[in-house]
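Enquirer: Numbering (this note's numbering), first residue to last: 27 to 978. This is the structure I want to talk about, given as structure tokens.
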């Protein structure tokens with residue numbers, strides 16, 4: 027798709043791209059744009075994608091070497107006019123690794139999937155009214171190393187697969203008919219973790235257009251504080267930026283609004299912002315008796331900063347905040363709003379069944395709801411910057427967040443990543459603790475101590491309201507170690523050292539930042555290591571960890587341990603400990619990769635949920651061929667007693683052990699096994715499992731009954747098969763086939779850590795009775811999403827989910843790529859018509875001018891003739907089928923020479939179209955134009971090569 031240019035082609039076809047980048051660009055004499063607020067739009071659609079690397083051509087020759095050193099002259103797939111017409115379209119967020127096949131030779135830690143390199147290309151078109159405004163791209167993240175080109179110039183390189191990054195496009199942008207080329211090369215081969223990391227542009231990309239005077243990215247800081255006398259106030263800092271050519275005065279107003287829209291505080295300040303400079307405005311808002319944010323009642327307020335220029339609003343930024351106090355006590359643990367709270371936490375990675383790490387926003391909310399239903403009040407982001415949609419869900423739903431830095435390194439590049447994380451997330455009420463690392467070998471050394479001391483200082487400079495921890499799995503008793511540099515000691519495992527550390531350092535608060543590491547396979551009730559199956563009865567744990575019951579007991583019985591972060595809330599791809607191939611995902615989760623509950627989920631729900639009666643029994647009661655055999659039965663309850671009944675006959679009532687729960691051994695016979703929970707002698711809840719028959723039909727159950735019909739909303743749908751009495755069959759492994767209208771299927775999964783089925787497509791086999799389909803609502807205009815599921819020999823299911831009318835989120839329109847021919851050179855003026863084959867020497871970078879038609883050249887000083895010449899490679903479709911050259915009006919009479927022959931002549935001032943016959947490879951295009959004194963020389967606009975069937 028990329029024809030390597032000759033040395034001559036490089037000379038005539040490359041350096042002029044710098045001129046192309048100037049064409050239509052921001053001009054010094056351009057008037058200041060009309061004052062209007064910012065406009066932020068998603069840039070998730072319209073991307074073209076290529077899996078695999080595309081090597082850059084080798085640079086040879088003086089002309090090509092000269093061109094290679096100039097702005098705007100990217101080669102290969104990064105070039106402005108690279109032919110990507112055969113690349114498939116993709117929509118962000120996009121994880122290209124999740125669709126790769128499983129490979130036993132690939133890295134087990136990455137889930138036995140190859141990662142590699144991929145390219146993304148996107149065309150942008152800016153309205154001329156955007157000229158002079160500040161244009162910025164925001165990448166949510168790119169896994170892992172990303173290089174970004176804009177109009178042929180490298181504009182950013184990012185070396186974190188988790189941190190977001192912003193790119194200022196203003197000085198590179200072109201407007202009107204000139205399109206803009208955005209290219210991203212993502213190299214996912216470098217690893218930052220030892221778990222599945224995916225690859226590609228797996229979070230949102232946004233484009234923001236702002237006034238020249240605006241609030242900088244992450245430039246609104248509003249973190250409520252409570253004084254010793256109980257008074258609440260909100261210190262506000264607004265960072266202003268100005269790209270105008272002159273110092274600009276402005277006024278900044280800040281309002282704090284309650285959920286009903288009422289303004290409860292307001293402030294105002296003035297500022298002068300230097301040209302190409304920044305300024306900070308600080309205000310303090312007093313707030314009387316705000317509603318407090320908590321995990322049970324997450325009250326949010328809206329802080330809005332408005333910038334006024336000459337009395338007219340030019341920018342506005344809003345941020346949700348919450349009023350809450352946090353405190354760690356070395357003897358009594360954690361306090362939220364002065365109320366003691368044991369942390370019921372879970373560590374979480376960021377991949378989900380069917381979608382990999384490209385998790386849609388609504389799916390983040392689903393995962394947080396699942397964790398809250400288990401009784402979690404906190405999550406630890408393991409071990410990297412989270413998606414903003416995840417934090418939005420935690421703020422809104424009430425989930426505390428331990429926000430963790432990825433790379434333990436205080437050198438400049440990595441300190442900038444840490445600063446970005448803190449600056450972005452320091453307004454969040456959900457964030458209650460920063461962590462600077464996870465399990466670093468240098469944690470017990472002087473070097474580790476000094477490294478952490480510097481990183482903590484960076485955090486404190488940006489946010490002095492939250493404590494800092496580090497997740498240590500060793501070195502806590504060396505003479506100099508990291509625990510001496512943090513506010514809260516973070517224990518990973520080492521549970522036998524809680525008491526020893528507390529006795530030695532009674533002044534240091536302590537929390538378990540990671541514990542447990544127990545193994546379970548959802549739906550399995552007996553361990554079979556040969557088959558890579560682990561019982562979900564909490565009987566299997568890693569050598570360094572403990573069962574869920576043992577780990578929680580050691581924390582719950584020690585008030586000085588602030589709480590737990592169970593490893594992990596969900597299964598995740600990669601790290602299939604204690605197994606390897608064919609296991610491709612972990613066994614650690616309290617829930618599987620789909621979010622279906624395992625035994626650990628029900629155990630922790632019984633231990634952690636106190637505001638409602640909880641009761642669940644395991645296993646299912648369908649064991650054909652095991653009649654008379656004693657089956658282990660467990661009940662998980664927060665009641666005082668649990669009674670077990672079989673077919674209505676009482677077997678035994680037991681006192682509930684809040685740590686170990688309850689166990690019976692029941693000879694199996696088909697029937698109904700029921701558990702009844704008592705509190706103070708009264709029945710508070712009951713549940714039962716029954717022996718099921720053969721499956722007869724499919725059932726689909728959505729997570730939510732309705733969806734927004736905005737083309738964006740997503741939800742998981744649970745897939746089961748039912749017997750003749752409508753009971754789910756827990757042992758079914760039926761293959762289910764899906765079809766959909768009014769939406770899309772994003773992915774499928776079933777939670778089986780040993781499965782190698784594709785995660786994209788239209789079918790999935792049930793695993794122990796369950797599978798999941800991730801569906802996305804169709805574009806506006808669809809009344810309902812209809813998902814059909816069928817299986818051989820079973821009655822199909824049809825799920826109709828009403829789609830509520832909802833406007834799609836603002837998005838950048840998809841602009842079709844246009845091949846604008848760049849890299850032109852113009853000869854000196856000759857008195858007589860020069861030959862068409864007049865060519866500058868390879869070393870001549872001066873007598874022939876580099877230009878782009880339409881640049882607005884100065885008038886000629888003499889009459890005569892000039893040559894415009896370029897060598898270009900048409901897009902593949904034009905090479906195969908032919909096309910058309912659209913030439914703008916010429917300042918003088920023009921003759922067109924194509925591939926060695928004159929193909930057209932036209933008078934001055936008249937547009938010209940020239941047929942471009944099919945032909946492989948490069949083409950020579952020369953224009954001989956008559957010039958007249960005092961008249962601008964050349965063409966009035968760009969030259970475009972169009973495919974034959976493109977119109978225009």
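Glycine included, every Cβ here is placed at the ideal spot set by N, Cα and C.
1) Starting from residue 638, trace the beta strand (DSSP E) both ways and give me its first and last residue.
2) For residue 741, name the three-state secondary structure that DSSP assigns.
3) Hey, residue 103 and residue 210 are a contact pair by Cβ (cut 8 Å); roughly how many whole angstroms apart?
4) What ranges does the beta strand (DSSP E) occupy inside the segment 374-445, keeping only unbroken runs of at least 3 residues that lie completely in it?
5) Using DSSP with H/G/I as helix, E/B as strand and the rest coil, what is residue 880?
6) Apart from the five residues just before and just after residue 749, which ones in its own chain have a Cβ nearer than 7 Å to its Cβ?
7) Near residue 838, what residues of its chain come up, given a Cβ to Cβ distance below 6 Å and the 5 sequence neighbours on each side ignored?
8) Tell me the residue span of the alpha helix (DSSP H) that contains residue 349.
9) Between the alpha carbons of residue 36 and residue 181, how many angstroms are there, rounded?
10) According to DSSP, is residue 1022 part of a helix, a strand, or is it coil?
11) State yes or no: is the C-beta of residue 246 within less than 7 Å of the C-beta of residue 343?
12) How would you write the range of the beta strand (DSSP E) that residue 939 sits in, first residue to last?
13) Buried or exposed: which applies to residue 872, given that a residue is buried once 16 or more other Cβ atoms fall within 10 Å of its Cβ?
14) Counting only the same chain and skipping the five closest in sequence on each side, list residues whose C-beta sits under 6 Å from that of residue 650.
15) Determine the burial state of residue 131: buried for a count of at least 16 other Cβ atoms within 10 Å of its Cβ, exposed for fewer.
16) Enumerate in chain order the residues of its own chain whose CB-to-CB distance from residue 854 is below 8 Å, with the five nearest sequence positions on each side excluded.
17) Check for me: the beta strand (DSSP E) holding residue 797 runs from which residue to which?
18) Who are residue 716's beta bridge partners in DSSP?
19) Please check the pair residue 18 and residue 349, which I expect to be a contact at CB under 8 Å, by giving their CB distance rounded to whole angstroms.
20) Going by alpha carbons, who is nearest to residue 761 out of 934, 597, 338 and 775?
21) Since residue 755 is in the alpha helix (DSSP H), which residue starts that stretch and which ends it?
22) Compute the Euclidean distance between the alpha carbons of residue 737 and residue 840, then round it to the nearest angstrom.
23) Would DSSP call residue 672 helix, strand or coil?
24) Specify, as a first and last residue, the run of the beta strand (DSSP E) that residue 656 falls within.
25) Measure from the alpha carbon of residue 105 to the alpha carbon of each residue in 946, 845, 921 and 907, then state which is nearest.
26) So residue 94 is in the beta strand (DSSP E); what residue range does that whole segment cover?
27) Can a CB atom of chain D be found closer than 7 Å to the CB of residue 337?
28) If you compare alpha carbons, which of 909, 515 and 932 is closest to residue 357?
29) Report the three-state DSSP secondary structure of residue 792 (helix, strand or coil).
30) If you run the structure through DSSP and keep just helix, strand and coil, what is residue 722?
31) Count the other CB atoms within 10 Å of the CB of residue 470; is the residue buried (16 or more) or exposed (fewer)?
32) Please classify residue 875: does DSSP put it in a helix, a strand, or coil?
33) Once you ignore the five residues that flank residue 185 on each side, which residues in its own chain have a CB closer than 6 Å to its CB?
34) Measuring CB to CB, does residue 917 end up less than 7 Å from residue 961?
35) Determine the direct distance from the alpha carbon of residue 802 to that of residue 951, and round the result to whole angstroms.
36) Pull the bridge partners of residue 80 from the DSSP assignment, please.
Expert: This is what the structure holds:
1) Counted from its first residue, the chain shown places residue 638 at position 612. Taken as a continuous stretch (DSSP letters only), residue 638 belongs to no beta strand (DSSP E), as it is neither H nor E.
2) To locate residue 741, count along the chain shown from 1; it is residue 715. Looking at residue 741 - three-state DSSP - the assignment turns out to be strand.
3) Within the chain shown, numbered from 1, the residue matching residue 103 stands at position 77. Within the chain shown, numbered from 1, the residue matching residue 210 stands at position 184. Actually they are not in contact, since the Cβ atoms of residue 103 and residue 210 sit about 10 Å apart, beyond 8 Å.
4) 404-407 and 426-430
5) Here residue 880 corresponds to residue number 854 of the chain shown, with the count starting at 1. Looking at residue 880 - three-state DSSP - the assignment turns out to be coil, as it is neither helix nor strand.
6) The residue given as residue 749 occupies position 723 in the chain shown. The answer, listed in chain order, is 718, 719, 720, 721, 722 and 755.
7) Your numbering for residue 838 matches position 812 in the chain shown. 67, 69 and 233.
8) As a working note, residue 349 is residue 323 in the chain shown. Counting along the chain, residue 349 falls outside any alpha helix (DSSP H), and DSSP gives it neither H nor E.
9) Start at 1 with the first residue of the chain shown, and residue 36 comes out as number 10. Start at 1 with the first residue of the chain shown, and residue 181 comes out as number 155. Its pLDDT being 37, under 50, residue 36 is placed unreliably in this model, and the value from its coordinates should be taken loosely. Approximately 22 Å between the Cα atoms of the pair.
10) An answer regarding residue 1022 cannot be provided, because it is not within the stretch 27 to 978 covered by the chain.
11) Translated into positions along the chain shown, residue 246 becomes position 220. Translated into positions along the chain shown, residue 343 becomes position 317. For residue 246 and residue 343, yes; Cβs fall inside 7 Å.
12) Sequence index remark: in the chain shown, residue 939 carries index 913 (1-based). 938-942 is the extent of the beta strand (DSSP E) around residue 939.
13) Numbered from its first residue, the chain shown carries residue 872 at position 846. So residue 872 counts as exposed.
14) On the chain shown, position 624 is the one that residue 650 refers to. Excluding positions up to five away in sequence, the list is empty.
15) As a first step, residue 131 is located in the chain shown; it is residue number 105 there, counting from the start. Per the 10 Å Cβ criterion, exposed.
16) Within the chain shown, numbered from 1, the residue matching residue 854 stands at position 828. Only 873, 874 and 892 meet the Cβ criterion.
17) By 1-based counting over the chain shown, the position of residue 797 is 771. 797-803 is the extent of the beta strand (DSSP E) around residue 797.
18) Residue mapping note: residue 716 aligns to position 690 of the chain shown, counting from 1. BP columns for residue 716 point to 698.
19) No answer is possible for residue 18: the residues shown for the chain start at 27 and end at 978.
20) Along the chain shown, read from residue 1 onward, the residue named residue 761 stands at position 735. Nearest of 934, 597, 338 and 775 to residue 761, Cα basis: 775.
21) The residue given as residue 755 occupies position 729 in the chain shown. Run containing residue 755: none; DSSP gives neither H nor E here.
22) Indexing the chain shown from 1 puts residue 737 at position 711. Indexing the chain shown from 1 puts residue 840 at position 814. Spanning the two alpha carbons is a distance of roughly 15 Å.
23) In the chain shown, the residue the question calls residue 672 occupies position 646. Correct three-state label for residue 672: strand.
24) Looking up residue 656 in the chain shown gives position 630. 656-663 is the extent of the beta strand (DSSP E) around residue 656.
25) Within the chain shown, the letter at position 79 stands for residue 105. Comparing Cα-Cα distances from residue 105 to each of 946, 845, 921 and 907, the minimum goes to 845.
26) Position 68 of the chain shown, counted from the first residue, corresponds to residue 94. Segment 88-94 is the alpha helix (DSSP H) holding residue 94; no beta strand (DSSP E) there.
27) Absent here is chain D; the protein component of the structure consists of one chain.
28) In the chain shown, the residue the question calls residue 357 occupies position 331. Nearest of 909, 515 and 932 to residue 357, Cα basis: 515.
29) Counted from its first residue, the chain shown places residue 792 at position 766. Of the three classes helix, strand and coil, the one that applies to residue 792 here is coil, per DSSP.
30) Looking up residue 722 in the chain shown gives position 696. Note: residue 722 maps to coil in three-state DSSP.
31) Numbered from its first residue, the chain shown carries residue 470 at position 444. Buried.
32) Taking the chain shown and counting its residues from 1, one reaches residue 875 at position 849. In this structure, residue 875 counts as strand in the three-state DSSP scheme.
33) For the purposes of this step, residue 185 is taken as the residue at position 159 of the chain shown. Contacts found: 171.
34) Sequence index remark: in the chain shown, residue 917 carries index 891 (1-based). Sequence index remark: in the chain shown, residue 961 carries index 935 (1-based). Yes; because the gap between Cβ atoms is below 7 Å, this pair is in contact.
35) As a position in the chain shown, residue 951 is number 925, starting the count at 1. As a position in the chain shown, residue 802 is number 776, starting the count at 1. Spanning the two alpha carbons is a distance of roughly 48 Å.
36) Mapped onto the chain shown, residue 80 falls at position 54. DSSP lists no partner for residue 80.
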